[in-house]
Structures are given as structure tokens and as C-alpha cells.
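In UniProt numbering, the protein residues as written are 1 to 248. Each residue gets a CB set at the ideal place from its N, CA and C atoms; glycine is no exception.
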């Protein structure tokens, strides 16, 4: 878990940054200088279950992801959650009124709202595959960047990639447990109905995975970030960080 303490941590909410499917908490490291200036308190960027250094789950559900995160929080933490894609859904699960987690607000970035049967079948097929092994770090890093959606945004030799890889007996694999892909389709309407905290659904203008029209169906504020794609938090941290201004 990437963690930083700053400001008056005793009175300010903790910013919880949750990565998307296939990535790790290290994807938020580039945010450090922006948070130093604009977030007046602690921030946490944990690995979700089955990603990075986090333990896998026997089977994956959004509530299961959320429960593993909640278990690692301090008892007196008040949270503002910014979650990307899968992380946004986990943030909504954390904010459920019966979850018992003190969440003040959730910003969900790039959450895929609609899934076709073909997409769900494809995800289940990927989840059922055995772990792939690679002869070199470069090969494994390229696969990691494709799986995490970071290809073209992060170079294979960038240190942020290291958390997503493991070397065993001279071979390389992704750190991710592939069965996490079987988590399925989120029921966003039910998740939103189950929380009483403010929620913003955001997307990059060029995100091919979700549209403004789809997000507006849920009756919560929608923010569109001009010129950005699915990984808007990597492309322009300051633009995404501005979504948190009302909750500092």
C-alpha cells in the first residue's frame, strides 16, 4: 500500500485511491506532488485483492474487494474515495450504508456501465486461463501494460510496472490473479441505491468504455473531462484531482 501523511491528518478525511482492473496502487505514484499541494491530509493507494502485493480472494465479488480494503483501514479513518474503473465500483461498495465504513464521498472514474454478453463471456474466459509465463521482464511488462490498460501511457521499463510483475526461477509473470476477471458486471443502480453519500461519476471525453448518456441514467452528477481517455488519472492527474475539491 502506498501511503503518505500530510496536513492535519486528525481532522481531515483520508483520500483513498483505488486502481482499476489489472493495475496496482503504484499507478497513483505520479499523483504525489499534486497531492502534496492540494490534498490537506493523508492519502492511501492500496493494491486491490489479487493485484500487486495484495492476497487473492477464494472468489471475487465487489463486496469482497471492498471488505479486504476495509480491513486494512484505521478505525478512525474518514474516507473520500476516488476509484478508477473497477476501483470506482469497489468505492461504491465501501460506501454502502450497511458496510459500516465511514465514507464521506465517492468519485468513480471510468466505470464501465454496460456489459454485453460477449464481453462477460470474454472476461470469464480470461479468468479461466492458466497463468502465463514469460522469458524476460520486457515481455511480461508489455503484457502487464496491455492488461492494465496503460499501454502507450507508461513505458515497459518504468518503475511503476515493477509492482505488477513477479520473477520466479528466472521466469516472469504478472502479479495479478487472473481469476479476478471473473468478478462480473456491477449493478450500479443497486450500488448507488445502497449509499447515502455524495457520488460523482466521471469519465474522460474520449473513453471508449462508457458514455455520458449511460452515466446520466443513474441520476447522480456526471463529470466529463475534455480530451482525456479511460485512464484520465494517468493522463492528467490535476484535472482528475480537481473533482475532489468539494470534499477536501
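If I follow the unbroken beta strand (DSSP E) through residue i, where does it start and stop?
i, result
"residue 103", "103 to 109"
"residue 72", "Counting along the chain, residue 72 falls outside any beta strand (DSSP E), and DSSP gives it neither H nor E."
Taking DSSP as the reference, what is the three-state secondary structure of residue i?
i, result
"residue 97", "coil"
"residue 151", "strand"
"residue 202", "strand"
"residue 80", "strand"
"residue 27", "helix"
"residue 113", "coil"
"residue 222", "strand"
"residue 145", "helix"
"residue 242", "helix"
"residue 44", "strand"
"residue 56", "coil"
Whole angstroms is fine: what's the gap from residue i's alpha carbon to residue j's?
i, j, result
"residue 34", "residue 61", "32 Å"
"residue 220", "residue 136", "46 Å"
"residue 218", "residue 43", "28 Å"
"residue 125", "residue 37", "44 Å"
"residue 96", "residue 133", "38 Å"
Going by beta carbon distance, what residues of the same chain come within less than 8 Å of residue i, once the five residues before and after it are set aside?
i, result
"residue 202", "107, 108, 109, 110, 222, 223, 224, 225, 232, 240 and 243"
Check the DSSP bridge columns for residue i and list the partner residues they point to.
i, result
"residue 167", "172"
"residue 195", "96"
"residue 134", "172"
Kindly list the residues whose CB is nearer than 6 Å to the CB of residue i, restricted to its own chain and excluding five residues on each side of it in sequence; keep chain order.
i, result
"residue 31", "237"
"residue 12", "40 and 41"
"residue 80", "13, 15, 104, 105 and 247"
If you follow the alpha helix (DSSP H) that residue i is in, where does it begin and where does it stop?
i, result
"residue 14", "It is not in any alpha helix (DSSP H) - residue 14 instead sits in the beta strand (DSSP E) that spans 14 to 18."
Starting from the C-beta of residue i, find all residues in its chain whose C-beta is less than 7 Å away, skip the five residues before and the five after it, and write them out in chain order.
i, result
"residue 153", "231, 234 and 235"
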